[in-house]
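Read through the structure below, which is laid out as structure tokens, and then see the notes.
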Amino acid sequence: MTTAKRAFFTASIASAENSSRRLFQAVCNLSEPSAPPGPGRDPKISCNAFAKFFADKVTQIQKEVDSTVGAGPGRESARVLSGPVTRDQFQSVTSEDVDRLLGQVKPTTCLLDPCPSWLIKASREGLGDGLRGVVNAFLCEGAFPDPLKEVVIKPLLKKTSLDPANLANYHPVSNLPFLGKVIERVIVEQLQAGLEDADHLDPFQSGFRPHHGTETALVALDDDLRRARDKGESCFLVLLDLSAAFDTINHNILLDRLEGLGAGGTVIQWFCSFLLGRVQKVVLGDECSDPWALTCGVPQGSILYPMLFNIYMKPLGEIIRGLGLGVHKYADDTQLSLSFKSEPVKVVKVLCECLEAVGGWMAANRLRLNPDKTEVLFLGDRGWACGGDSLVLNGVTVPLKDQVCSLGVILDSQLSMEAQVNFVSRAAVYQLHLVRRLRPYLPADCLVRVVHALVISRLDYYNVLYVGLPLKVTWKLQLIQNAAARLVTGSGRRDHITPVLRDLHWLPVYFPKWPQSGIPEGASPPPSFSLDTEIQCRGPSGGSLIARSKVTGNQTEGLLGSGAHPVEHPPTRCERNKQLSYL
Numbered sequence: 001m002t003t004a005k006r007a008f009f010t011a012s013i014a015s016a017e018n019s020s021r022r023l024f025q026a027v028c029n030l031s032e033p034s035a036p037p038g039p040g041r042d043p044k045i046s047c048n049a050f051a052k053f054f055a056d057k058v059t060q061i062q063k064e065v066d067s068t069v070g071a072g073p074g075r076e077s078a079r080v081l082s083g084p085v086t087r088d089q090f091q092s093v094t095s096e097d098v099d100r101l102l103g104q105v106k107p108t109t110c111l112l113d114p115c116p117s118w119l120i121k122a123s124r125e126g127l128g129d130g131l132r133g134v135v136n137a138f139l140c141e142g143a144f145p146d147p148l149k150e151v152v153i154k155p156l157l158k159k160t161s162l163d164p165a166n167l168a169n170y171h172p173v174s175n176l177p178f179l180g181k182v183i184e185r186v187i188v189e190q191l192q193a194g195l196e197d198a199d200h201l202d203p204f205q206s207g208f209r210p211h212h213g214t215e216t217a218l219v220a221l222d223d224d225l226r227r228a229r230d231k232g233e234s235c236f237l238v239l240l241d242l243s244a245a246f247d248t249i250n251h252n253i254l255l256d257r258l259e260g261l262g263a264g265g266t267v268i269q270w271f272c273s274f275l276l277g278r279v280q281k282v283v284l285g286d287e288c289s290d291p292w293a294l295t296c297g298v299p300q301g302s303i304l305y306p307m308l309f310n311i312y313m314k315p316l317g318e319i320i321r322g323l324g325l326g327v328h329k330y331a332d333d334t335q336l337s338l339s340f341k342s343e344p345v346k347v348v349k350v351l352c353e354c355l356e357a358v359g360g361w362m363a364a365n366r367l368r369l370n371p372d373k374t375e376v377l378f379l380g381d382r383g384w385a386c387g388g389d390s391l392v393l394n395g396v397t398v399p400l401k402d403q404v405c406s407l408g409v410i411l412d413s414q415l416s417m418e419a420q421v422n423f424v425s426r427a428a429v430y431q432l433h434l435v436r437r438l439r440p441y442l443p444a445d446c447l448v449r450v451v452h453a454l455v456i457s458r459l460d461y462y463n464v465l466y467v468g469l470p471l472k473v474t475w476k477l478q479l480i481q482n483a484a485a486r487l488v489t490g491s492g493r494r495d496h497i498t499p500v501l502r503d504l505h506w507l508p509v510y511f512p513k514w515p516q517s518g519i520p521e522g523a524s525p526p527p528s529f530s531l532d533t534e535i536q537c538r539g540p541s542g543g544s545l546i547a548r549s550k551v552t553g554n555q556t557e558g559l560l561g562s563g564a565h566p567v568e569h570p571p572t573r574c575e576r577n578k579q580l581s582y583l
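With the UniProt record's numbering, you'll find the sequence shown wraps up at 583, consecutive numbering, no jumps.
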């Protein structure tokens with residue numbers, strides 16, 4: 001029986017090794033009894049109900065935005081001055097290009113595909129010439145095939161704890177035909193490099209860009225906040241919330257943005273064909289809803305939608321920075337920061353003017369700012385605040401919070417990270433408990449893979465934000481790492497843990513593990529960090545990257561200037577790059 005269980009568990013883990021989500025589901029299914037199925041529902045009614053809800057939501061947002069558009073800040077920002085045409089046609093692709101791109105596209109199969117996508121990827125050597133001819137024909141004509149414009153929507157419950165009977169608790173997941181994704185991949189490859197080189201993308205936008213991610217955005221934001229505290233300044237952090245931003249993008253404005261970047265000829269003609277004439281339908285099981293036209297927005301399952309969304313949102317960052325505020329963005333998550341030393345009344349006025357300008361720009365661009373979900377974190381003395389606990393921002397009273405969740409990380413008013421550490425500890429302990437129950441039935445290699453995917457990954461994620469924190473905060477995470485190491489190696493509770501961690505090549509939790517998405521091997525942090533090439537310490541001990549600044553009171557340390565101890569001779573640039581590459 002044990003041998004049979006071991007073989008079954010090994011096969012289940014191996015089938016999900018390329019997906020953390022599937023691996024988590026496999027571990028839960030193996031360690032916990034399955035939940036009883038819910039009551040049956042009429043699929044036809046459910047599909048049409050979902051379709052009506054999703055369509056009405058976008059329509060309602062458009063009506064509200066249209067009613068608020070007026071002669072205010074941001075009204076003219078939707079207009080784009082046409083620039084010289086720098087790209088009026090696409091380059092033809094070769095069979096080698098098609099073969100490489102087929103290897104990059106994920107093998108996700110849509111219900112509209114005539115055959116499984118994995119079969120196309122497996123047969124790409126024989127299909128390369130045919131696909132090359134099809135792709136080049138559509139690129140040359142400046143057209144996107146109509147059969148590939150249909151989108152299949154699958155409603156997905158946002159959280160398992162939410163009421164499944166409430167349609168508002170679902171968000172639409174788009175599935176698109178595989179061939180359409182291949183064509184989109186060709187377009188992205190030809191345009192992405194040009195946009196980066198020509199500085200057509202917001203430098204503070206970390207979403208959907210190579211060598212960027214949530215970690216790079218948070219590291220930059222956290223460092224800005226800590227630097228302000230080092231200077232004795234108070235700071236506002238405003239987390240803006242947009243309602244269905246991806247679904248409400250105006251096609252005409254987006255095409256104007258593309259023309260402003262130099263697109264013309266068959267290039268702009270292709271984008272017109274790609275955006276217009278789309279339809280979508282909701283599918284549940286074997287039933288589907290009636291199709292409805294997609295008059296705005298870009299399908300989130302599309303490969304092109306991240307790049308198009310970044311182009312659409314670039315002017316917003318320019319407006320915010322023009323008013324003297326800092327901004328960091330990840331996709332539609334926009335975070336404003338404003339630091340000051342005195343005259344809080346003037347600061348609140350500047351903040352209100354900025355939010356008014358942001359609201360006007362969004363209305364002019366057919367987007368809606370959701371004030372009810374906008375959050376404000378204040379770092380500093382709260383005694384002066386209006387009413388003690390709230391601020392009036394853009395006509396809406398937004399209460400000051402002691403902590404906010406930004407891109408999955410809990411930030412508090414003291415930047416202590418205690419709430420974040422407690423949250424990660426609870427999640428990691430739960431995962432460790434599940435893995436421990438499966439240990440008797442998992443071979444050594446599967447056990448290591450599961451522990452890394454479900455436990456260690458939680459400790460490493462945003463690990464750089466824990467650098468310089470006192471041990472009383474990070475000791476919980478270190479205990480969890482020690483327990484995971486003992487679970488993998490079979491060490492006893494009384495065994496010294498340092499040799500075990502060394503044999504596993506696991507760094508301590510307090511040791512910074514720079515996000516690989518933001519820092520390529522052998523390179524220093526990317527320009528989005530807004531740091532000088534020669535990083536200097538702000539403390540009295542000198543200019544070392546690893547020297548820790550000395551502050552008093554409620555001040556905290558700048559993240560990228562923190563370290564263990566001051567050193568007399570800072571490492572050279574070459575030495576720092578070698579150290580970073582080793583990490």
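Even for Gly, the Cβ is constructed at its ideal location relative to N, Cα and C.
Computed from a prediction, not measured in an experiment: that's the story for all the values here.
Worksheet item: Could you give the C-beta distance for residue 298 and residue 246, rounded to a whole number, given that I count them as a contact under 8 Å?
Response: The residue you call residue 298 lines up with position 298 of the sequence shown. The residue you call residue 246 lines up with position 246 of the sequence shown. That pair is a contact at about 6 Å.
Worksheet entry | Reduced DSSP category for residue 468 - H, G, I as helix; E, B as strand; rest coil | Locating residue 468 in the sequence shown gives position 468, counting from the first residue. Residue 468 sits in coil when the DSSP states are folded into three classes, being neither helix nor strand.
Fill in: Sub-7 Å separation of residue 370 and residue 296 beta-carbons
Along the sequence shown, read from residue 1 onward, the residue named residue 370 stands at position 370. Along the sequence shown, read from residue 1 onward, the residue named residue 296 stands at position 296. Between residue 370 and residue 296, the CB-CB gap reaches or exceeds 7 Å.
Fill in: residue 333 - partner residues in DSSP beta bridges
One-based indexing of the sequence shown puts residue 333 at position 333. Per DSSP, 330.
Worksheet item: Under three-state DSSP, which class holds residue 510?
Response: The count along the sequence shown starts at 1 and reaches residue 510 at position 510. If DSSP states are grouped into helix, strand and coil, residue 510 belongs with coil.
Worksheet item: Nearest CA to the CA of residue 186: which residue from 443, 379, 267 and 201?
Response: For the purposes of this step, residue 186 is taken as the residue at position 186 of the sequence shown. Residue 267 is the option with its Cα nearest to residue 186.
Worksheet entry | Closest by C-alpha distance to residue 202, when choosing among 409, 508 and 334 | Residue numbering aside, residue 202 sits at position 202 when the sequence shown is read from its first letter. The residue from 409, 508 and 334 with its alpha-carbon nearest to that of residue 202 is 334.
Practice prompt. Assign residue 221 to one of three DSSP states: helix, strand, or coil.
Written response: Translated into the one-based positions of the sequence shown, residue 221 becomes position 221. Helix, per DSSP.
Item to complete: Output the boundary residues of the beta strand (DSSP E) element that contains residue 154.
Response: Taking the first residue of the sequence shown as 1, we reach residue 154 at position 154. Counting along the chain, residue 154 sits inside the beta strand (DSSP E) bounded by residues 150-157.
Fill in: Stretch pair the segment 90-102 + the segment 131-143: three plus CB contacts closer than 8 Å
Contact holds: three or more Cβ-Cβ distances are below 8 Å.
Worksheet entry | Proximity of residue 352 and residue 325 at Cβ, strictly below 7 Å | Here residue 352 refers to the residue found at position 352 of the sequence shown. Here residue 325 refers to the residue found at position 325 of the sequence shown. For residue 352 and residue 325, no; Cβs fall outside 7 Å.
Item to complete: Could you please give the first and the last residue of the uninterrupted alpha helix (DSSP H) stretch that includes residue 354?
Response: As a working mapping, residue 354 is identified with position 354 in the sequence shown. Element bounds for residue 354: 344-364.
Worksheet item: Among residues of its own chain, excluding the 5 on either side of residue 478, which ones have a beta-carbon nearer than 6 Å to its beta-carbon?
Response: As a position in the sequence shown, residue 478 is number 478, starting the count at 1. Here residue 478 has 509 as same chain residues with Cβ atoms under 6 Å from its own Cβ, once five neighbours each way along the sequence are excluded.
Worksheet entry | Within 7 Å, strictly: CB atoms of residue 166 and residue 253 | Counted from its first residue, the sequence shown places residue 166 at position 166. Counted from its first residue, the sequence shown places residue 253 at position 253. Taking the C-beta atoms as reference points, residue 253 is found no nearer than 7 Å to residue 166.
Item to complete: Can you give me the start and stop residues for the alpha helix (DSSP H) that residue 424 sits inside?
Response: The residue given as residue 424 occupies position 424 in the sequence shown. In the DSSP assignment, residue 424 falls within the alpha helix (DSSP H) that extends over 418-438.
Worksheet item: Under a three-way DSSP split, which group does residue 4 fall into?
Response: By one-based count along the sequence shown, residue 4 stands at place 4. If DSSP states are grouped into helix, strand and coil, residue 4 belongs with the helices.
Worksheet item: Tell me the DSSP bridge mates of residue 410?
Response: As a first step, residue 410 is located in the sequence shown; it is residue number 410 there, counting from the start. The partner list for residue 410 (beta bridge, DSSP) reads 405.
Worksheet entry | Helix, strand or coil at residue 87 [DSSP, three-state] | Numbered from its first residue, the sequence shown carries residue 87 at position 87. Residue state, collapsed to three classes: strand.
Discussion item. Since residue 139 and residue 182 should fall inside the 8 Å C-beta cutoff, what is the C-beta to C-beta distance between them, to a whole number of angstroms?
Written reply: Translated into the one-based positions of the sequence shown, residue 139 becomes position 139. Translated into the one-based positions of the sequence shown, residue 182 becomes position 182. The Cβ separation is near 12 Å, so there is no contact.
Worksheet entry | Supposed close pair residue 278, residue 294 - CB separation, criterion 8 Å | As a first step, residue 278 must be located in the sequence shown, where it is residue number 278. As a first step, residue 294 must be located in the sequence shown, where it is residue number 294. Sure, about 4 Å apart at Cβ, within 8 Å.
Discussion item. Helix, strand or coil for residue 212? Go by DSSP, reduced to three states.
Written reply: As a first step, residue 212 is located in the sequence shown; it is residue number 212 there, counting from the start. Secondary structure of residue 212 (DSSP, three-state): coil.
Discussion item. Residue 435 and residue 448 - do their beta-carbons sit closer together than 7 Å?
Written reply: Indexing the sequence shown from 1 puts residue 448 at position 448. Indexing the sequence shown from 1 puts residue 435 at position 435. With contacts defined as CB atoms closer than 7 Å, residue 448 and residue 435 fail to qualify as a contacting pair.
Discussion item. Pairs of beta-carbons, one from the segment 218-226 and one from the segment 463-478, closer than 8 Å: are there three or more?
Written reply: Yes, the segment 218-226 is in contact with the segment 463-478.
Fill in: Nearest neighbour of residue 228, chosen from 494, 115 and 413 [CA to CA]
For the purposes of this step, residue 228 is taken as residue 228 along the sequence shown, with counting starting at 1. When each option's Cα is compared against that of residue 228, the closest is 413.
Practice prompt. Tell me whether residue 179 sits in a helix, a strand or coil according to DSSP, three-state version.
Written response: Here residue 179 refers to the residue found at position 179 when the sequence shown is read from its first residue. Three-state result, residue 179: helix.
Worksheet entry | Inter-residue Cα distance where the pair is residue 459 and residue 380 | Reading the sequence shown from its first residue, position 459 is the one you call residue 459. Reading the sequence shown from its first residue, position 380 is the one you call residue 380. As the crow flies, the alpha-carbon of residue 459 is around 29 Å from that of residue 380.
Worksheet item: From residue 433 to residue 193, what distance separates their C-alpha atoms?
Response: Position 433 of the sequence shown, counting from 1, holds the residue named residue 433. Position 193 of the sequence shown, counting from 1, holds the residue named residue 193. Rounded to whole angstroms, the gap between the alpha carbons of residue 433 and residue 193 is 45 Å.
Practice prompt. Look up residue 184 in the DSSP assignment and say whether it is helix, strand or coil.
Written response: As a working note, residue 184 is residue 184 in the sequence shown. Residue 184: helix per DSSP, three-state reduction.
Discussion item. Give me the DSSP bridge partner(s) of residue 498.
Written reply: Translated into positions along the sequence shown, residue 498 becomes position 498. Note: residue 498 sits in no beta bridge, so no partner.
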